[in-house]
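Chemist: Structure provided below as C-alpha cells; questions to follow.
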Amino acid sequence: MRMLDILEKKKRGGQLSKDEIAFFVREYTAGSIPDYQASALLMAICLKGMNEEEAVALTDCMAHSGDMLDLSAIDGITADKHSTGGVGDKTTLIVAPICASCGLKIAKMSGRGLGHTGGTVDKLESIPGYRTALSNEEFFAQVNRVGVSIIGQTGDLAPADKLLYALRDATATVDNIALIASSIMSKKLAAGAQNIALDVKCGSGAFMQNKEDAEALAKLMVKIGKSCGRNTAAVITDMDTPLGTHIGNALEVTEAAAILQNRGDAQLRELCLTLSAHLLSMSYGSSYDDAYKQAETTLTSGKAFLKIQEWVEAQGGDAHVLSESECFRKAAVHSTVTAQTGGYLTHMDTHKVGESASLLGAGRAVKTDSIDPAAGIVLYKKTGDAVRKGEPIAELFASSDEKLQAGKARFLEALTFGEAAPKKRPLILGTVV
Ligand code: URA
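Right, here's the structure in full:
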C-alpha cells in the first residue's frame, strides 16, 4: 500500500477502505509517513469529507494505536461522560457522584484546561490535598470501594490522535466534524467505559457555533460509539452563555458543591440530572423518565453530596471546603463589574468570558503556564437579565492587580446591553440516542 495512492483517492472524493485507514494510522504513528503527506490527507478530508463508515474506522484505529484501558478489575457497570468543552462547565463534579450514588462505577481520566476552556483535573486540584495521580491499583481499588475516582491522563491512550491533533492544529484542519468526532471518540473508547454520555456544546463559547453543526457532531459521535460496541447518548446544550454562575477552578468546585446541596443555578442542576439520567438509563436499561427520577431523588436526598465528600477524602482531598466554602481558596484581589447603562444584558460572548477567566489566572494560554486556583468570575447577571445602571454584573478574582485589570478589560468586551429583552435560549437544544 502507498500513501500516495491514498492521497490520490481522497483528493478525488473517494471512500477510503478500512485497510487504507489502518495503514495510514499505523504508519503515521510509527513515524513512517511524513507530516507533509499526513497534512495533505487531513486537508483532503476537510475538503472532500469522510462518511460514517470511514469515521468509525478512523476512530477504531486511533483508539487501538496505544493502550486500551482494561476496566475488567472493576466490579460493576462502568460509565463515563464527556463534554466538548465550554466555560463554567463543572458538570462532571456533579454527575459523577450522582451516578456513583446510584451504583454506577465512574473510573474517569480527565484533562487540564487550555485556552478559554477549563479542565476537570485543574478544578479537582484546587481542593487542598486532592491527588490526581494514582497508580492503576489505587485507581481501581477506589472505584470498587467508593464508586468513583477521577485522575489525570495516564498511560498512552490514543497516541495517533495526539500526533494528528497537533498536526491539525498547525494545518487549519481542526474544524472538520468527522475528524473532531474521531478524535474525541478514540480517547473515550480507549478509556474503557461501557456507557458514554456526551455533552456537545453549541454557541459562542464552544467549538460548534451553530446548532446544525453541533447536531451533526453529536449524531456522528453516537454512531461511532454504538458501532464500536458502547452504549452512547448525546445531548446538545447551549454554550452561548457560561454554564452556571461560577467560572474558575475553586469557584466551580464551590458551585458544584452547592448544587449537590440543593442550592444554586437551576439550569446547571437540570443539565446534570439530564446527563446522569442518560447514563443510568443506558446502564440499567430503565426508561429515561425513571432514570431521571432516580437521579433527582439521589441528588435531593443528599446522598450525592455525601458521595462527593467520600470521593474527595478517599483521594486525599480536604472535603471540608465542599461544605464550608469560606475555608476555600481566597484570591488576593477582586473587583466588581457594574452595568454602565440600564436595560437588558442582551449577549455575553462566552469565548471572551473564558478568555477573561484565563487572563485573571484561572486558565492557561500555553500548556506550561501555571494557574491560580482562586482566580475567576462569579456572575450576578446572565444573558437576558434586566439590569439597572450601576448594578453589579459580576465579581472578578485574581492574584494581582495586573491580572485583574487584564481580565476585567476582556470581560467588559464580552458584554452587550440593549433596550429590549432578548429571546431566552433553552439550555438543552437536542438529544441524540
Ligand atoms: N477535542 C478533541 O479531543 N479533539 C478534537 O478534534 C476537538 C476537540
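To convert, count from 1 in the sequence shown and add 73; that's the numbering used here. Backbone N, C-alpha and C define an ideal beta-carbon position, used for all residues, glycine too.
1) Going by Cα to Cα distance, which pick from D248, T489, S256 and Q110 is closest to H137?
2) Cβ of A263 within 7 Å of Cβ of L237?
3) Can S90 be considered in contact with the ligand URA, in the sense that its beta carbon sits closer than 6 Å to one or more heavy atoms?
4) Three-state secondary structure (DSSP) at F490?
5) Taking its Cβ as the centre, do 16 or more other Cβ atoms sit within 10 Å of P315, making it buried, or is it exposed?
6) According to DSSP, what are the bridge partners of I167?
7) By Cβ distance, which residues of its chain are closer than 7 Å to R241, with the 5 residues on each side in sequence left out?
8) Using only the alpha-carbon positions, how far apart do Y453 and N304 sit?
9) Which value, in whole angstroms, describes the spacing of the CA atoms of K425 and G161?
10) To which residues does DSSP link Y101 through a beta bridge?
11) Hey, V451 and A412: beta-carbon distance below 7 Å or not?
12) In its own chain, which residues sit with a C-beta less than 6 Å from the C-beta of K476, not counting the 5 before and 5 after it?
13) Determine the extent of the alpha helix (DSSP H) in which F470 is found, giving its start and end residues.
14) So what does G225 bridge to, in DSSP terms?
15) Leaving out five residues on either side along the sequence, give the residues of the same chain with a beta carbon under 8 Å from the beta carbon of A117.
16) Check whether the segment 373-386 touches the segment 292-302, counting contact only when three or more Cβ pairs, one atom from each stretch, lie closer than 8 Å.
17) Out of E100, P465 and A254, which has the shortest C-alpha to C-alpha gap to L418?
18) To the nearest angstrom, report how far apart L245 and E285 are at their CA atoms.
19) Hey, would you say the C-beta of I253 is under 6 Å away from at least one heavy atom of the ligand URA?
20) Only counting the same chain, and skipping five residues up and downstream in sequence, which positions put a Cβ closer than 7 Å to that of E288?
21) If you check the beta carbons only, do G321 and G449 fall under 7 Å apart?
22) Going by beta carbon distance, what residues of the same chain come within less than 6 Å of G184, once the five residues before and after it are set aside?
23) Quick check on I381 - is its C-beta less than 7 Å from some C-beta in chain C?
24) With burial defined as no fewer than 16 other Cβ atoms inside 10 Å of the residue's Cβ, what is the status of Q215: buried or exposed?
25) Do the CB positions of K274 and G416 come within less than 7 Å of each other?
26) First and last residue of the beta strand (DSSP E) that includes A152?
27) Please report the straight-line C-alpha distance between Y109 and V98, rounded to a whole angstrom.
28) Count the other C-beta atoms from every protein chain shown that fall within 10 angstroms of the C-beta of S356, then say buried if there are 16 or more, exposed otherwise.
29) Can you give me the C-alpha to C-alpha distance between D391 and A113, rounded to a whole angstrom?
30) Going by DSSP, name the residue or residues bridged to N209.
31) Suppose the cutoff is 6 Å on Cβ atoms and the five residues either side in sequence are ignored; what does the same chain contact list for A173 look like?
32) With a cut-off of 8 Å on the beta carbons, I'd call E127 and I94 a contact; round off their distance for me.
33) Should T165 go down as buried or exposed, given a rule of 16 or more other Cβ atoms within 10 Å for buried?
34) Output the distance between the C-alpha atoms of G194 and G463, rounded to the nearest integer angstrom.
35) K455 to G202, Cα distance in whole Å?
36) Please state whether DSSP places I79 in a helix, a strand or coil.
Modeler: Reading off the structure:
1) S256
2) no
3) no
4) strand
5) buried
6) Beta-bridge pairing links I167 to no other residue.
7) L115, V247 and L252
8) 38 Å
9) 13 Å
10) Bridge partners of Y101: none, in fact.
11) no
12) L433 and G434
13) Taken as a continuous stretch (DSSP letters only), F470 belongs to no alpha helix (DSSP H), being part of the beta strand (DSSP E) at P465 to A471.
14) S183
15) L80, K83 and K84
16) no
17) P465
18) According to the sequence as given, residue 245 is Ala; it is not Leu. Taking the straight line joining both Cα atoms gives about 21 Å.
19) yes
20) I309 and G503
21) yes
22) G192
23) Reference to chain C is not applicable here, since this structure consists of a single protein chain.
24) buried
25) no
26) A152 to S156
27) 14 Å
28) buried
29) 50 Å
30) Per DSSP, none; premise fails for N209.
31) I179, G220, V221 and K380
32) 6 Å
33) buried
34) One point to set straight first is that residue 194 is Val, not Gly, in the sequence displayed. Near 37 Å, if we compare the C-alpha coordinates of G463 and V194.
35) 33 Å
36) helix
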